[in-house]
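A.B. asks: Below you'll find the structure I mean.
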Amino acid sequence: MTSPGDPLDMDLLDRAEAAVRLSATDPRLALAEARAVLDLAGWPGPAGAYGEAASVALRATALAARELGDLELAGERLEEAIAAGRGSPRRVAQARMSLVTVRAQLGDPEGGLRLAELAERDLAGTDLARLGVQRSVALILLGRHEEAVRHCGRAIGLLDDDPRFRAGGLLNRGLAHTYLERYGEAEADLAECARVARSAGLEHVAMLAEGNLPFVAARRGDIAAAFARCRAAETTLFGFPERLAVMRTDFAEALLAARLTGEARTLLEQAVPELVAAGAQAAVPGARLLLAQAALLAGDAALAASTARTALTELDAQGRTAWLPLAREVVLRARLAEASTPPAAPAHEAAGAESLVTDLITCADELAACGWPGASAALRLTAAAAAVRLGAITHARTQLDRAAAATRPLVRWHAVAMRHRLDGDLDRALEAAARGIEAVHAPGGDANPRGGDAGPRERGAARDTAQDTARDTAQDAAQDVELRVHAARPAEDLAALGLEIALDRARRTGDARTVLDWAERWRAVVRGAPAPASAPPGVPPAGSGLLVEFVRRGDDLFAVTAGAGGCALRSLGSYQAAVEATVRIRYGLRRRAMLDTPRDTSRDTLRDPRHVTVPDTSRDTLRDPGHVTAPETLRDTSPGADALSGAVDEGIARELCALDHVLLSGPGTLTSAGSMPGGPVTVVPTGALCTLPWPLLPSLRGRPVSVAADAAAWLAPCRGSAGAPLVLSLAGPGLDHAAAEADMVAAAHARGRRVGATRAEVLRAIERADVLHVAAHGMFSPRGPMLSQITLDDGPLMAYDLLAARRIPRLVVLSACDAGMAHAPVDGAALGLAGAFLDSAARNGDAACVVAGVVPVRDDEAPALMTLFHTLLAEGRSPAEALARAAEKTAVPGFVCFGAGDKPFAAG
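Right, here's the structure in full:
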């Protein structure tokens, strides 16, 4: 042993404590200094004379490793610090205090709390306050957010002289406030954390606080701000992969709740491997389950199953029994999505389906036992529906009886609707389904509008529900859909059931109007909007012209046609076949646009009036994202280019005619609702059919066509504007003809003018203009539609930027390739640039229209179309009519009128 006041011991101890402080600002230098102390102290080996200094130095290496993202090494060094500090209870307690957070983040938050209890015996003063901050990490992971707030609150007031832990307390309290939906307090704590951290030179802590702002914004429902903050956090957290991955995971949770599946999946596919590499074991299974949920929602059942199985193994290894049934649920739902549908399935597959039903029921029991009653009831309904398909009616009724006893009105009404359907009483089944959906929005009805469960929750970790008396507090704090790692959306499921029943009933009664009502109710539920009221019996639809709304049940595709003569329902065959035809048409049009060879257009098969007109593509550049290509690279000068182009034309024409016959020109679609020949048509597609260039179909050629995400604007028409519209136009970079096009637009209207193509000017124009014309490159992002963008002079205008607009123009013209492309994971939620404009207008209670391209448009062709379009618009034509006439006269196809395109503007 050294004697008290040994100069070497005091020097080593001072250097070790300096390394602890340095670990927060320069972890690599702290590692070097701590290793030097350990070398002088004779470590590794017996603690010997300098055990206290070695313990502190080992703690410094652990803290530095933690800052550098190596949680496992941090845990090992802290265990060594505890061993080296024997004989110094305070140093052992400090090492245990640091191990609380590391143990929790390695997947054992309960173990972290046990360490905190041991450390508390030998700590006092500011060390005890620091322990409160560390303990709050484990409490947050366990869903005990109110306790975390209390511990941080007590600690923050005692840590004025320790900016590192004060900032940490503010950060943790901010996260706990977020989970408790106290968003103002959360943002205040995170802002103060960033200020304290920066003033102390703790830049990485400030970045971590700012990196949590996207999570807060998304949880609050401000998706536009969340995306913007995420973009900033991607930069500020660069170099801290584990923390960046946690930020992405948190943000992805909220995006899944907002039905932005593609964006969430993209983030999670980045986050999961980064969390694995960092050894963040507590966060990995939760992130995997979110990825499995996103894959299932996107229709990738195979990826969902394999990812959920991996998460199940990880959760089991960590002893997190409360979350095991959630992982099993995702696996079972993926199996169900892949299962064959009786009676076509072979005998061995039918036996497998029976086994699946049994597994679904068992999992529902496990969910209930582990404190997930809402998930349990939803899965019981799924099991009952699967049993009905198998003909196991007794099993189905048993599960429905249990679901009917659920506390949530939506689940109870769903079970009642299914029972009435089994009894053959479809009218009462529809009435029960409507009551259930109404309960979601009724005050005090289905109490949790976010769809969450009163079950054990955490941010990347869970606790056994048999443990500790704080369970009820954790359950009450867990009313958030973002932390649900299972795929049920009960209101959507019930709306889909109602649509199925309406289709069954229409086969008996011919009542197509009820099918239309339920199709609209389904689309509203997907958007999170209140369900529209059903029309009284015998009341004809209110819209002008003709409405054709497409619905599907499984692979069966239907069209509901509504007009002055009433409603009609037509079965169209296979949805997948229509999707495949759409893909072939889009591919053909893209291929044709890339064949840059002059030809005799008088013999062009696509100009046959029986088919459709398409452009002469013998000019220069395409408005095609990622293909800003010189004319030489586009032009095919091979001897067979003309013949190939003609063959492509003929192929497209055949595909368009065949698909038109299926969707529109067959008996009972455009001819049964009393519409005038050549009158306006509003099309409401389903799924991938939203990407079809509808005006090119022969039955719609020359007619004013509007393509909408729902029929709300058609069913409740509003008048056009009274005065001459304010028309603003802009030209983006990289397009030879864009400036002339923008000048033409401004000249065509009495109140037309040019604006600059900067993000700030365009965002201002969006809130001022009645008509906004954008001549610029556009890019659609199929994996993340809200990441679609328009290229401007100072950077991209993102689709998510539009969500914050206080006002949207009545008409937006996006003269850019693919700007109108959309991706609809579920009906009613079409996204992308056009969808973002329309959704923002709908949230403001307005009906808007977007004219945009869904196939490549040549830079030199767009001005001809747009000149005539704006001339007709200025004469008082509706956008849909102006586009139809302009496209027919100029032979420039590919543009579609989205939204409320049948409302004319005042002439001027």
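By the count of the numbering used here, the sequence shown reaches residue 923 at its end, each step adding exactly one.
Backbone N, C-alpha and C fix where the C-beta goes; we use that ideal spot for every residue, glycine too.
Near A703, which residues of its chain fall below 7 Å by C-beta distance, leaving aside the five closest residues on each side in sequence?
C.D. replies: The residues are V594 and T597.
A.B. asks: In whole angstroms, what is the alpha-carbon distance linking P710 and G717?
C.D. replies: Computed Cα separation, rounded: 8 Å.
A.B. asks: May I ask which residues mark the beginning and end of the beta strand (DSSP E) holding I805?
C.D. replies: Looking at the DSSP string, the run of the beta strand (DSSP E) that includes I805 is Q804 to L807.
A.B. asks: Can you give the Cα-Cα distance for P104 and R136, rounded to whole angstroms?
C.D. replies: Going by the C-alpha atoms only, they are around 9 Å apart.
A.B. asks: Using a 10 Å radius around the Cβ and a threshold of 16 neighbouring Cβ atoms, would you call I408 buried or exposed?
C.D. replies: With fewer than 16 Cβ atoms within 10 Å of its Cβ, I408 is classed as exposed.
A.B. asks: Where does S214 land, buried or exposed, given buried means 16+ other C-beta within 10 angstroms?
C.D. replies: Exposed, since its Cβ has fewer than 16 Cβ neighbours within 10 Å.
A.B. asks: Where does D623 fall in DSSP's three states?
C.D. replies: Any reading at D623 must be qualified, since the residue scores a pLDDT of 36, below 50, and its modelled position is unreliable; no value is offered.
A.B. asks: Could you give the C-beta distance for A746 and A790, rounded to a whole number, given that I count them as a contact under 8 Å?
C.D. replies: Correct: roughly 5 Å between the Cβ atoms.
A.B. asks: Compare the beta carbon distance of A901 and F920 with 8 Å and say whether it is the shorter of the two.
C.D. replies: The answer is no: Cβ separation not under 8 Å.
A.B. asks: Going by beta carbon distance, what residues of the same chain come within less than 7 Å of A763, once the five residues before and after it are set aside?
C.D. replies: If we look at A763 and ignore the five residues flanking it on each side, its Cβ neighbours are H885, T886 and A889.
A.B. asks: Roughly how many angstroms lie between the CA atoms of A119 and R106, to the nearest whole one?
C.D. replies: Using only the alpha carbons, I get a separation of about 20 Å.
A.B. asks: If you run the structure through DSSP and keep just helix, strand and coil, what is C245?
C.D. replies: The answer is helix: DSSP assigns C245 an H, G or I state.
A.B. asks: Out of D123, F573 and L93, point me to the one whose CA is closest to L330's CA.
C.D. replies: Out of D123, F573 and L93, D123 has the C-alpha closest to the C-alpha of L330.
A.B. asks: Applying the 10 Å Cβ sphere with the 16-neighbour rule, what's the burial state of D29?
C.D. replies: When all chains shown are included, D29 counts as exposed.
A.B. asks: Which of the three DSSP states is assigned to A772 in this structure?
C.D. replies: Coil.
A.B. asks: Quick check: what's the CA-CA separation for L305 versus G236?
C.D. replies: The straight-line gap from Cα to Cα measures roughly 19 Å.
A.B. asks: Alpha carbon to alpha carbon, how far is A420 from P894?
C.D. replies: Going from the Cα of A420 to the Cα of P894 covers about 52 Å.
A.B. asks: Please state the DSSP three-state secondary structure of G655.
C.D. replies: With a pLDDT of 41 at G655, under the threshold of 50, the predicted position of this residue should be treated as unreliable, though the coordinate-derived value follows. Coil at G655, not helix or strand.
A.B. asks: With contact counted as at least three CB pairs below 8 Å, one residue from each stretch, are the region 904-920 and the region 718-730 in contact?
C.D. replies: In short, these stretches touch, since the Cβ pair count reaches three.
A.B. asks: Let me make sure I understand the geometry here. Which of S714, L802 and G793 has the alpha-carbon closest to that of D808?
C.D. replies: Of the candidates S714, L802 and G793, the one whose C-alpha sits nearest the C-alpha of D808 is G793.
A.B. asks: Could you check which residue in A402, A379, T336 and S391 has the C-alpha nearest to that of A354?
C.D. replies: Minimum Cα distance to A354 is reached at A402.
A.B. asks: Using the C-alpha atoms, what's the distance from W533 back to A820?
C.D. replies: If I take the Cα positions, the gap works out to 31 Å.
A.B. asks: Give a yes or no on whether the C-beta atoms belonging to R324 and V299 are separated by under 8 Å.
C.D. replies: Going by C-beta atoms, R324 is not nearer than 8 Å to V299.
A.B. asks: Is it right to say F180 is buried, meaning 16 or more other beta carbons lie within 10 angstroms of its own, or is it exposed?
C.D. replies: F180 comes out buried.
A.B. asks: Which one of A224, A31 and L217 has the shortest CA to CA distance from R188?
C.D. replies: Nearest option by C-alpha distance: A224.
A.B. asks: Quick check: the Cα distance between A309 and G578, rounded to an integer number of angstroms?
C.D. replies: C-alpha separation (whole angstroms): 38 Å.
A.B. asks: For L817 and F795, which I take to be in contact (beta-carbon distance under 8 Å), what is that distance rounded to the nearest angstrom?
C.D. replies: With a Cβ gap of about 14 Å, L817 and F795 do not count as contacting.
A.B. asks: Roughly how many angstroms lie between the CA atoms of G183 and V220, to the nearest whole one?
C.D. replies: Roughly 8 Å separates the two Cα atoms.
A.B. asks: Tell me whether the beta-carbon of V563 lies closer than 8 Å to the beta-carbon of T701.
C.D. replies: No. Outside cutoff.
A.B. asks: Look at the alpha carbon of R568 and the alpha carbon of T328, and state the distance between them as a whole number of angstroms.
C.D. replies: Spanning the two alpha carbons is a distance of roughly 35 Å.
A.B. asks: Going by DSSP in three states, L637 sits in which element: helix, strand or coil?
C.D. replies: Unreliable placement is indicated for L637, whose pLDDT of 35 sits below 50; no coordinate value is reported for it.
A.B. asks: Which whole-angstrom value describes the C-beta separation of A849 and V865, a residue pair presumed to lie in contact below a C-beta threshold of 8 Å?
C.D. replies: Confirmed, Cβ separation roughly 4 Å.
A.B. asks: In its own chain, which residues sit with a C-beta less than 6 Å from the C-beta of L259, not counting the 5 before and 5 after it?
C.D. replies: Around L259: L252.
A.B. asks: Is the separation between the beta-carbon of A506 and that of I452 shorter than 8 Å?
C.D. replies: For A506 and I452, yes; Cβs fall inside 8 Å.
A.B. asks: Would you mind giving the Cβ-Cβ distance between E344 and L394, rounded to the nearest angstrom? I have them listed as a contact below 8 Å.
C.D. replies: Their Cβ separation, rounded to whole angstroms, is 6 Å, which keeps E344 and L394 in contact under 8 Å.
A.B. asks: Using a threshold of 8 Å, state whether the C-beta atoms of Q285 and R303 are closer than that.
C.D. replies: No, the pair does not count as a contact, with Cβ atoms beyond the cut-off.
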